[in-house]
Every structure is written in C-alpha cells, then in structure tokens.
Amino acid sequence: MGSTRAGTPHLLSGVIAVGLIAAILFVVRMIAIHLEHKTLHAVVPQVFQLKNQGLAFQRAAAQARDVLPLYGSSELLTPLPDRASVFFREAPTGFQASPVGKVGTTPLIMVQKLAALGPDLRGRKIAISLSAVWFVAPDITSYSYEGNFSVFAASEFVFGSALDFDLKRDIASRMLQFPGTMEKSPLLEFALKRLASGGPLDRMIFCALWPLGKVQNAMMDLQDHFAALTYALHAPKSAGLLHQQVLDWPSLIAKANETTNASEKQKVTVPDTDKQMAPPRSDAWFLKQLNQANQWRDLELLFRVMTEIHARPLLLSMPMDGQFYDQVGISRSLRECYYQKMRALAQRYNFGLVEFEQHDEDPTFLDHRVPQLKHIPAPHLTAKGWMLYNRVLDDFFHGRVPRS
C-alpha cells in the first residue's frame, strides 16, 4: 500500500510534465503557423527546398485566397523576369503565383504532395504545368524521383484520410517501383507494401499501423513547422502588394516576343551536335514511346487524386518541340497523337486544359538551349512562352476562359 502511495506522486509528476511539454509544443506550433501566414506574401514567389519538401508553406498557400498554387518542374526555375512567380510577385492583378517544383519533378511526386494536402485543396484552384518530354520518355529515373521524394508528403498521403483505399493501393504499387526512397522510413515501406497487396490480412495490418503512422506524421509536422518558423523569422519582408489593375496583355506579349527574339540573336553558333546526338526517328518509334511512357499512368493517378480531394485544377501543357521533331523526321500530323491523347485524358476527368498546340513549331515559345534528355528535347519556356502562360493563369484565377 505504501509503495503504491509513494509511486502516485511520481506518476502524477510525469503526467504533468508530459502535458506541459505537449502544451509548449502546441503553442510553438500555433506561433509557427501564425508567422507562416504573416510572411506568406514574401515567401510565395520563392522556390526553395523547405517549401518543396515540406508542407507548411504549401498548406498556407493553398489556404490563402489571393494565391494560386502552381506545381511544375524545372521550368519554374528559369532565370527570367517573365516567369509567373516573378511576374505576379506583387499581385498586379490581385493574386500571387506560388511555384512548387524543381528539376526532376514529375506527376508521381505531385500525386504525393497534393494527396498530403488533401482537404486544404478542396474547392481551391491550382495550376499544373506539364512537360511534353515526360510522355515520350520510357520512365522517370530513380535519381530524379529520389531527389524530389519527400518522406513527410508520402507519409501524410499514406496515413491520411483524403483518399480511398483503392486509390492508395494503386499509388503505393507505383511508389514501390522506386525502393531507394524506402530506406528513409521502414514504417512507410512496410505500410506501402501492405497497401499495395490489398489483401484482407494486409489491410488489417495496415489499419493496425495507422496509429503509429499518425504519430510519425505528427512528429514530422512539428519538425516542418519549426523549420518554417526559423525560415519565417529570417524571411525578407514583402514589398507590398499592388492595387489590382487591368493589364495590357497584347503589349506585354509583344514586348516579351521582342525580348525572346533579341535573346535568339545573341546565341553563339555552335556545331550541329544536337543532330548528331539525335538520329532520325521513325513513326513507329514515336508511337511506341508515346504509348509506353509510364508517366501517362502517373498523370491519371494525379487526376484521380485531384478528383477525390475536389481540387479545381487547370492543366498547362507545354507544346512539343516541333523544330526538333521536324529535324528527326516526326511530322506535325503524327505529333497530333500526343495532343489528342492529352485532351482525351483531361476531358475524361472534366479538367481544364491549355495545350499551346498552336506553338508547336513556334521557335520563340520554347528555349532550345536546354540539354536533351536521352535524345528527347526538354526545352523550357522563353520570355514569350512565360508571358502567354501568365495570361492563362490570370484568366483562370479570375474565372475567365483561358486564352492560349
């Protein structure tokens, strides 16, 4: 009896200590969230590791009414003042663009990010930038995937409740094709294998893992917010947003076109190495590449995720590099197969799509200085290309029919 009474104060002290620590962590988390929103307009235009790999700033952007999340790949990093993040930095038409993505980002990475955000994107407009090169390359490389993989986003997707079990199973099966990322979290790997199996026993085991997964997510969420707090405390102050105005888009596009033409004239002429690297291709090669690319499967997973979380996306698909394909013998009529396939998939999910197809052979829309990926062109947008993108984003945000 005496020992029981003696142990009671220690137990009570332990409970109080745990409660106090939990309260402190809760308060610090709330302070972090407050600062994330307070500094959001300064952070939104930037692309940096914490924003890409974490969820705190992505979630804050999704919740803001004057921010349009823009998910893409390396085109978001193009050093041009015309790119969306810079052009809309001071919200000239009433909103800012929040870019998320880097070199090697692909639809499968976007799947995990958007699934992790889940309810925060419900009813929210988001823009998705798609690269044509994804859909004529056999598959993404492990190097690119692992460089963009976020354990936190993946764990939030797996142990979150935004998606149904069947969709989670399909995504898990695809993620397990890149085992290198699983080394970072044995619990995540075990859960993904249970999801991918889909059997009754594995499903029961997965449900038993759920509490552990939630604890893991809570710990990573705290780490994410603490890192965001540190970043926010040192973030530069926003220059202030401009009053909403109506832009003269034809003049802006014409000016960007002049900039692009001037840039083209300044290019140094080099030996015709591109043609040496990219031998002539047959129609059969192109159709095989197009029909066997695994990115189509990933893109449909992305569409299914956006449908289940009730997001309101607009797809901006960069055109194919018509100049390159003309040189290697792939005709414009054959390239139409790509555009038709993209349109059919977008229409199946009733998503808005702007393909910029009319710029397929426009030499001023894409920057052809970008190195090729496995002999397949991977160009970025020029100043003109970005300005046309910007007009589409502005139309989309304000509820107008996008003009390409």
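Last residue of the sequence shown: number 1576 in the numbering used here, and the count goes up by one each step with no gaps.
Built from N, CA and C at the ideal position, the CB exists for glycine as well.
Owing to the predicted nature of the structure, the values given are computational and were not obtained by experimental measurement.
For residue i, three-class secondary structure by DSSP
i, result
"HIS1406", "helix"
"VAL1330", "helix"
"VAL1387", "helix"
"VAL1216", "coil"
"MET1173", "Per-residue confidence for MET1173 stands at a pLDDT of 48, beneath the threshold of 50, marking its modelled position as unreliable; no derived number is given."
"ARG1572", "coil"
"HIS1540", "coil"
"LEU1424", "helix"
"LEU1553", "strand"
"THR1353", "helix"
"VAL1418", "coil"
"LEU1113", "Nothing in the structure corresponds to residue 1113, since the chain is present only between 1173 and 1576."
"ASP1292", "helix"
"GLU1262", "coil"
Bridge-paired residues (DSSP) for residue i
i, result
"ALA1269", "LEU1240"
"ALA1299", "LEU1242 and LEU1486"
Span of the alpha helix (DSSP H), counted from its first residue to its last, around residue i
i, result
"SER1369", "1358-1369"
"ILE1343", "1337-1347"
"LEU1280", "1279-1289"
"GLY1319", "1314-1320"
"GLN1530", "Run containing GLN1530: none; DSSP gives neither H nor E here."
"ARG1231", "1228-1235"
"PHE1259", "1256-1259"
Beta strand (DSSP E) segment containing residue i, residue limits
i, result
"GLY1524", "1524-1526"
"LEU1222", "Segment 1221-1225 is the alpha helix (DSSP H) holding LEU1222; no beta strand (DSSP E) there."
Stretch pair the stretch 1393-1404 + the stretch 1340-1355: three plus CB contacts closer than 8 Å: Contact fails: fewer than three Cβ-Cβ distances are below 8 Å.
Give, in chain order, every unbroken run of the beta strand (DSSP E) that is at least 3 residues long and sits entirely within the stretch 1426-1510. 1484-1489
Should the stretch 1306-1315 be called in touch with the stretch 1253-1272, which here means at least 3 C-beta pairs below 8 Å? no
Three CB pairs or more closer than 8 Å across the stretch 1261-1276 and the stretch 1329-1339: no
Three or more C-beta pairs closer than 8 Å, one from the stretch 1470-1487 and one from the stretch 1280-1299: is that the case here? yes
So does the stretch 1558-1573 actually touch the stretch 1260-1267, counting three or more Cβ pairs closer than 8 Å? yes
Report yes or no: do three or more beta-carbon pairs, one from the stretch 1417-1431 and one from the stretch 1350-1361, lie closer than 8 Å? no
Counting pairs of beta carbons, one from the stretch 1199-1210 and one from the stretch 1379-1388, are three or more of them closer than 8 Å? Counting C-beta pairs with one atom in each stretch, the stretch 1199-1210 and the stretch 1379-1388 have fewer than three that are closer than 8 Å, which means they do not touch.
Does the contact criterion of 3 or more C-beta pairs under 8 Å hold for the stretch 1486-1493 versus the stretch 1525-1539? Counting Cβ pairs under 8 Å, three or more are found: they touch.
Is the stretch 1546-1564 touching the stretch 1296-1306 in the sense that three or more CB pairs, one from each, lie closer than 8 Å? yes
Can we say the stretch 1459-1473 touches the stretch 1506-1520, given the rule of at least three CB pairs closer than 8 Å? yes
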